[in-house]
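2 protein chains.
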Amino acid sequence: MKIEKDDRLILITNDDGLYASGLKALLEVMEEFGKLVVISTTESRSGMSQALTVKMPLRVKLLDETERRRLYACSGTPADGIKIAVNQLVERRPDWVVAGINHGANASVSVIYSGTMAAAIEGCLYGISSVGFSLNDYSATADFDPAKKYIRKVMQGLTRESLPEGICLNVNIPDCGEKDIKGIMVCRQASGYWREEFEKRKDPMGKTYYWLTGIFQNHEPEATDTDEWAISNNYVSIVPVTVDMTAHSFIPELKKRLAR
Amino acid sequence: MKIEKDDRLILITNDDGLYASGLKALLEVMEEFGKLVVISTTESRSGMSQALTVKMPLRVKLLDETERRRLYACSGTPADGIKIAVNQLVERRPDWVVAGINHGANASVSVIYSGTMAAAIEGCLYGISSVGFSLNDYSATADFDPAKKYIRKVMQGLTRESLPEGICLNVNIPDCGEKDIKGIMVCRQASGYWREEFEKRKDPMGKTYYWLTGIFQNHEPEATDTDEWAISNNYVSIVPVTVDMTAHSFIPELKKRLAR
Chain L
1 MKIEKDDRLI LITNDDGLYA SGLKALLEVM EEFGKLVVIS TTESRSGMSQ
51 ALTVKMPLRV KLLDETERRR LYACSGTPAD GIKIAVNQLV ERRPDWVVAG
101 INHGANASVS VIYSGTMAAA IEGCLYGISS VGFSLNDYSA TADFDPAKKY
151 IRKVMQGLTR ESLPEGICLN VNIPDCGEKD IKGIMVCRQA SGYWREEFEK
201 RKDPMGKTYY WLTGIFQNHE PEATDTDEWA ISNNYVSIVP VTVDMTAHSF
251 IPELKKRLAR
Chain C
1001 MKIEKDDRLI LITNDDGLYA SGLKALLEVM EEFGKLVVIS TTESRSGMSQ
1051 ALTVKMPLRV KLLDETERRR LYACSGTPAD GIKIAVNQLV ERRPDWVVAG
1101 INHGANASVS VIYSGTMAAA IEGCLYGISS VGFSLNDYSA TADFDPAKKY
1151 IRKVMQGLTR ESLPEGICLN VNIPDCGEKD IKGIMVCRQA SGYWREEFEK
1201 RKDPMGKTYY WLTGIFQNHE PEATDTDEWA ISNNYVSIVP VTVDMTAHSF
1251 IPELKKRLAR
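Chains as they are written, first to last, in this note's numbering: chain L, 1 to 260; chain C, 1001 to 1260.
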């Protein structure tokens, strides 16, 4: 693949591995928008958040190349993949970073744990317009056709100009049929948390171990401007995500507390 | 250790492992403030961000118990440790989660990658007042005495009331002698990013691999209200961190862009 000056160059990744049908669906849509460099994790790396591989070396393999698409596999996390692609693999800075389609929603505080959103945040930190797409369906055989239609629609609206510095987008698609999707809703991140319910088990040697499970608790189920509300009411949710985690409004009060 | 109703119960973790001198220093200060439950990672888990262990079971071991302190080791990430402690190990909800002292600063966007801050964020998501402490010195033999003095001071100011829902604190201590520290500064997160410089090497089989290295780039070195400015000018920086990553100010413009 030759990358020309006028090409729109799109860097794509996911965290469900190379053979995930969500990645396949994303590629089918995104090749309408530009030339693609794909860097997938070699296996599923869900829940990796912004984790980086600092104690192990990274391996990258070029798997396939056509006129419009180049496909790499990377041994690290989704964030590693974006870093190494931008720094070592791509001839010039990509115009967009697009991650997904994740198998499972990344609404509310899941933005903090998500490998998909970590990839978008990583792109954003490089000053590249970045979006993460997730479908509210965990199954490997999920139907990605409605998602594809809405990703096309969202990208048509977005690609006319770049996103502001320090802001990327978190897009979640509801798990209903295409005709039941009511539209696209720009929202804020719902306040909530994962109530963990560890399963305590005994291994064959009689020793205790734990499996992490969890149920999401929405602190504000009645609020109608959140991503959680949107996807459970069959809207595609779009939350603009900032990499500035400062709680600016608490600064004056914190100064007071520390001055006492 | 018996946890009474009136005890201040403090859950402590780090991401440099059980034998880190930063953890030892933190415990020495924090035992002045309450009874301690410590859950350390079994080894160093730097750069793990909010990663969770979802594909492997977790192991926890009670290592030591006195009248005022209980010490566990956990096989997972710092975020895993907080989750399992709150859900399985502690008789009642802790009053504070305190993480650190990290060997190395976690200012600016490092808040997004840091395992130490992930532990504080995790506590915050449970509605527990949470703080992460880091020292701007990577070495295993760093001098933690100045840090101890300032952690005591910060905690004295803070423990009179709880932190607001959804906000935790990121505290960074400069790596200068105690008499050179100019004071405590409440700041915002500096805008910047890690410019990665991968080292490309060949393994003994002749195959390429990469090591992640990196240099921090401050986008606003002249701004005097950021954490980066504070620690490089010998102030202890305190940034209030929100778990709401919504870029609220961009919502109206995003709605416009998608409506076109």
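Cβ coordinates follow ideal geometry from the N, Cα and C atoms, glycine included.
Asked, Found
"Quick one: which residues of the stretch 1220-1250 of chain C get their C-beta closer than 8 Å to a C-beta of chain L? List them in chain order.", "Ile1238, Val1239, Pro1240, Val1241, Thr1242, Val1243, Asp1244, Met1245, Thr1246, Ala1247, His1248 and Phe1250"
"According to the neighbour-count rule (16 or more other Cβ atoms, all chains shown, within 10 Å of its Cβ), is Met1205(C) buried or exposed?", "exposed"
"Here's the rule: buried if 16 or more other CB atoms are within 10 angstroms of the residue's CB, otherwise exposed. What is Ile1215(C)?", "exposed"
"Do we get a CB-CB distance below 8 Å when we pair Ser308(L) with the residues of chain C?", "There is no way to answer for residue 308(L), as the model of chain L reaches only from 1 to 260."
"Along chain L, in chain order, which residues have C-beta atoms closer than 7 Å to that of Tyr1209(C)?", "Pro57, Leu58 and Arg59"
"Taking Cβ positions, are Thr13(L) and Ile39(L) nearer each other than 8 Å?", "yes"
"Is the stretch 1027-1042 of chain C touching the stretch 1092-1110 of chain C, taking contact as three or more C-beta pairs under 8 Å?", "yes"
"Between the stretch 1183-1202 of chain C and the stretch 14-33 of chain L, do three or more beta carbon pairs fall short of 8 Å?", "no"
"Once the 5 residues before and after Asn1218(C) are set aside, which same chain residues still bring their CB inside 6 Å of it?", "Ala1190, Gly1192 and Glu1228"
"Should the stretch 192-201 of chain L be called in touch with the stretch 229-240 of chain L, which here means at least 3 C-beta pairs below 8 Å?", "no"
"Can you give me the C-alpha to C-alpha distance between Arg1069(C) and Ala1020(C), rounded to a whole angstrom?", "17 Å"
"Of all the CB atoms in chain C, is at least one closer than 8 Å to the CB of Pro174(L)?", "no"
"Using the Cα positions of Leu52(L) and Leu63(L), report the straight-line distance between them to the nearest angstrom.", "23 Å"
"Distance check for Glu1091(C) and Ile1003(C), CA to CA, integer angstroms please.", "8 Å"
"Could you name the residues of chain L that Glu1028(C) contacts, counting a contact when the two beta carbons are closer than 9 Å?", "By Cβ distance, chain L contributes nothing, its closest Cβ being about 22 Å from Glu1028(C), past 9 Å."
"Hey, out of Asp1080(C), Ala1105(C), Arg1093(C) and Ala1079(C), whose CA is closest to Asp1007(C)'s CA?", "Arg1093(C)"
"Do Glu28(L) and Lys149(L) have their CB atoms nearer than 8 Å?", "no"
"Just verifying my parser: in three-state terms, what is the DSSP assignment at Tyr1138(C)?", "coil"
"Taking a cut of 8 Å between CB atoms, which residues from the stretch 109-121 of chain L lie near chain C?", "Val109, Val111, Ile112, Tyr113, Ala118 and Ile121"
"Is Lys255(L) buried or exposed, if buried means 16 or more other CB atoms sit within 10 Å of its CB?", "exposed"
"Does the Cβ-Cβ distance between Cys168(L) and Ala120(L) come in under 8 Å?", "yes"
"I'd like to know if Ile1084(C) contacts chain L, where contact means its C-beta is closer than 8 Å to some C-beta of that chain.", "yes"
"Identify the continuous alpha helix (DSSP H) that holds Ile181(L) and give its terminal residues.", "That residue, Ile181(L), is in no alpha helix (DSSP H); it is neither H nor E in DSSP."
"So is Thr53(L) in contact with chain C if we call contact Cβ pairs under 8 Å?", "yes"
"For Asp175(L), count neighbouring Cβ atoms within 10 angstroms of its own Cβ and tell me buried if that reaches 16, exposed if not.", "buried"
"Which residues share a DSSP beta bridge with Thr246(L)?", "Val1241(C)"
"With respect to 7 Å, is the separation between the Cβ of Ile1238(C) and the closest non-hydrogen atom of the ligand ADP below this value?", "The model depicted lacks the ligand ADP and carries no ligand whatsoever."
"Between Leu89(L) and Tyr72(L), is the Cβ-Cβ spacing less than 8 Å?", "yes"
"Cβ of Gln1217(C) less than 8 Å from any chain L Cβ?", "no"
"Could you check where the alpha helix (DSSP H) with Ala118(L) kicks off and where it finishes?", "Gly115 to Leu125"
"So, is Met1056(C) buried or exposed, given that buried needs 16 or more other C-beta atoms within 10 angstroms?", "exposed"
"Nearest-angstrom Cα distance between Leu1011(C) and Gly166(L)?", "33 Å"
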